Amino acid sequence: MERVKALVKPAPAVGAELTTVPLGKMGPTDITVKVKAAAICGTDIHIYNWTPYAQARLKLPMVFGHEFCGEVVAAGSNVTKVKVGDMIAGETHIPCGNCFLCNTGLEHICQDMKILGVHVPGAFAEAIVIPEVIAWQIPADTPPTVGAVMEPVGVGVHAAYAADVRGSTVLVTGCGPIGLSTIGAVKSCGAALLIATDVSEQRLNMAKKYGADIVLNPLSTDVEAKCKELTNGLGMDVCIEGSGAPSAIRQVFACVRRAGEVVLFGLPDTDVGLDLVDGVIYKELTIKGITGREMWRTWYRVEDIIKRSAVDVKGIVTHEFPMSDFDEAFKVAKSGKAGKVVMYP
Ligand SMILES: [Zn+2]
Ligand SMILES: [Zn+2]
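Next up, the structure:
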C-alpha cells in the first residue's frame with residue numbers, strides 16, 4: 032500500500048478533492064491503520080469552507096479528517112501497545128511527550144501538540160500512519176460508526192465530568208452531536224434537573240431522547256426566566272455551553288446561580304461581550320474551559336458508557352456516506368440540523 036485514496040484540501044479555496052496520495056512513512060513507534068469510518072467535525076467544515084480559522088492553521092495540500100476508527104495493518108518495530116489486527120479509535124491530539132503538561136498528566140493540552148488532519152495528514156483516507164500513542168484499542172465487534180464518533184463523544188463526556196452534576200440542576204446549551212453526548216452523560220451521572228437549549232427543533236427533539244427533562248428554544252422562550260422559575264428563583268447549579276454562540280454564552284452566565292459552575296467548550300468566533308462584574312465576579316463562579324479528551328481517562332469513560340448503553344452513541348450519527356459523496360456529506364454536515372455525519376473510505 033504505497034498510495035491511498037484520500038480527501039485532500041489541495042488549494043486555498045472552498046471544497047476538497049478526492050485523489051490518491053502517498054501513504055506516510057512508518058517510523059519505529061508508528062502504526063498503519065486501514066480506516067473503516069471517519070466522521071466530519073466542525074474543524075473539517077472550517078477546512079472545507081477555508082475559513083480564517085483554517086487559513087491560520089493549515090499548510091496545503093493536506094489530507095484532513097481526524098475522527099476515525101480502523102484496523103491496524105502494520106506496526107513499527109518499537110510499537111508495544113497495539114498489534115496488527117487490533118481495532119482502534121484515534122485520539123486527535125498528538126502530545127509531544129516531553130513538556131510540563133505531558134509530564135503532569137495533561138497530554139491532551141500539551142504545549143507542543145500536533146493535531147491530526149490539521150498539522151499532519153488526517154483520516155479521510157483509505158489508510159493512515161499514526162504514532163502508536165494516539166491509538167485507543169476498541170473491541171473488535173465495535174460498529175465502525177460508533178468507533179468513528181468516540182472522539183467527539185469524548186469531548187461531551189469530558190465536559191459533563193468537568194462539574195459536579197450529581198443531584199444538580201444543569202443547563203446544557205447547544206444540542207449538536209457533542210452537546211447530546213454531554214446531555215446523555217450528565218443524565219447518567221444523576222442530575223436532578225436537566226434543561227437543554229438549541230435553536231433547531233430537530234436537535235431539541237434529539238435532546239429529549241438523550242435525557243433532557245425540559246428543552247427550550249431561545250428564539251421563542253426566555254431561557255433565563257424559565258431557569259429561574261424552575262429553580263425557585265435561584266438559577267442553575269451548573270451550566271455547560273456547547274454552542275459557541277455569543278448570545279448563548281452570555282445566557283449561561285445569566286442563568287447560573289451564585290457560586291455555581293460554568294463549563295465552556297463551544298468556540299465563539301467573535302468577542303462575547305461578557306459582563307464580568309455581575310456575571311462572574313459578584314457570583315463567585317467557577318469556570319472551566321474544556322478541549323479534547325483527557326488521555327486516557329475520558330476514553331475509559333466513553334468505553335464504559337458504550338458498554339452500559341448509558342448514552343446512545345450510535346444514535347448521534349444521523350447520516351452516512353461513501354467518501355466519494357463527500358460534497359453531499361459536507362452539505363448535510365454544514366446544515367446545522369444533522370447529528371454526526373460519517374463517511375466510509
Ligand atoms: Zn473533531
Ligand atoms: Zn507535551
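FYI, the numbering for the sequence shown is 32 to 376, going by the numbering used here.
From the three backbone atoms N, C-alpha and C, an ideal C-beta is built for every residue, glycine too.
Just so it is clear, the structure is predicted and the values come from calculations on it, not from any experiment.
With burial defined as no fewer than 16 other Cβ atoms inside 10 Å of the residue's Cβ, what is the status of Ile312: buried or exposed?
Exposed: under 16 other Cβ atoms inside 10 Å.
Short of 6 Å in beta carbon distance, which residues of its chain neighbour Val160, apart from the five on each side in sequence? Order them along the chain.
Same-chain partners within the cutoff: Gly55, Met57, Asp61 and Thr63.
Sort out for me which residues DSSP pairs Thr50 with in a bridge.
Note: Thr50 sits in a beta bridge opposite Ala37.
Residues bridged to Gln168 (per DSSP)
Note: Gln168 sits in a beta bridge opposite Ile119.
Tell me Thr228's beta-bridge partners as DSSP assigns them.
In the DSSP assignment, the residues bridged to Thr228 are Thr204 and Leu247.
Backbone CA spacing between Ala360 and Ala279 [nearest angstrom]
Ala360 and Ala279: Cα-Cα distance of roughly 27 Å.
Is the separation between the beta-carbon of Leu91 and that of Lys145 shorter than 8 Å?
Contact: no.
Leu305 (DSSP reduced to helix, strand or coil):
Of the three classes helix, strand and coil, the one that applies to Leu305 here is coil, per DSSP.
Classify Tyr313 as helix, strand or coil using the three-state DSSP reduction.
Of the three classes helix, strand and coil, the one that applies to Tyr313 here is coil, per DSSP.
Buried or exposed: Tyr192, going by 16 or more other Cβ atoms within 10 Å of its Cβ?
By the 10 Å Cβ count, Tyr192 comes out buried.
Assigned exposure category for Tyr241 - 16 Cβ within 10 Å defines buried:
Per the 10 Å Cβ criterion, buried.
Measure the Cβ-Cβ separation of Val35 and Thr51 and say whether it is below 8 Å.
Closer than 8 Å, so yes.
CB of His139 to nearest heavy atom of ligand 1: below 7 Å?
The beta carbon of His139 sits no closer than 7 Å to any heavy atom of ligand 1.
Going by the CB atoms, is the gap between Gly304 and Glu272 shorter than 8 Å?
If you check the CB distance, Glu272 and Gly304 do not come in under 8 Å.
For Val186, which option in Ala105, Gly148 and His139 has the closest C-alpha, if you only look at C-alpha atoms?
Considering only Ala105, Gly148 and His139, the residue with the shortest C-alpha distance to Val186 is His139.
Hey, how far is the Cα of Ala369 from the Cα of Val363?
Within the model, the alpha-carbon separation for Ala369 versus Val363 is close to 7 Å.
Taking the Cβ atom as the reference point for each residue, do Gly210 and Ile165 lie within a distance shorter than 8 Å?
No, they are not a contact pair.
Check: Gln168 C-beta below 7 Å from any heavy atom of ligand 2
Annotation for Gln168 indicates a beta carbon at 7 Å or more from all heavy atoms of ligand 2.
Nearest CA to the CA of Met32: which residue from Glu48, Ala158, Val45 and Ile245?
Answer by Cα proximity: Ala158.
Buried or exposed: where does Pro162 fall if 16 or more other Cβ atoms within 10 Å of its Cβ makes it buried?
With 16 or more other Cβ atoms within 10 Å, it is buried.
For the beta strand (DSSP E) that contains Tyr19, what are its first and last residues?
With the chain covering 32 to 376 only, the question about residue 19 has no answer from this structure.
Thr60 - DSSP class collapsed to helix/strand/coil:
Correct three-state label for Thr60: coil.
Heavy atom of ligand 2 less than 7 Å from the Cβ of Asn129, yes or no?
Under cutoff, so the answer is yes.
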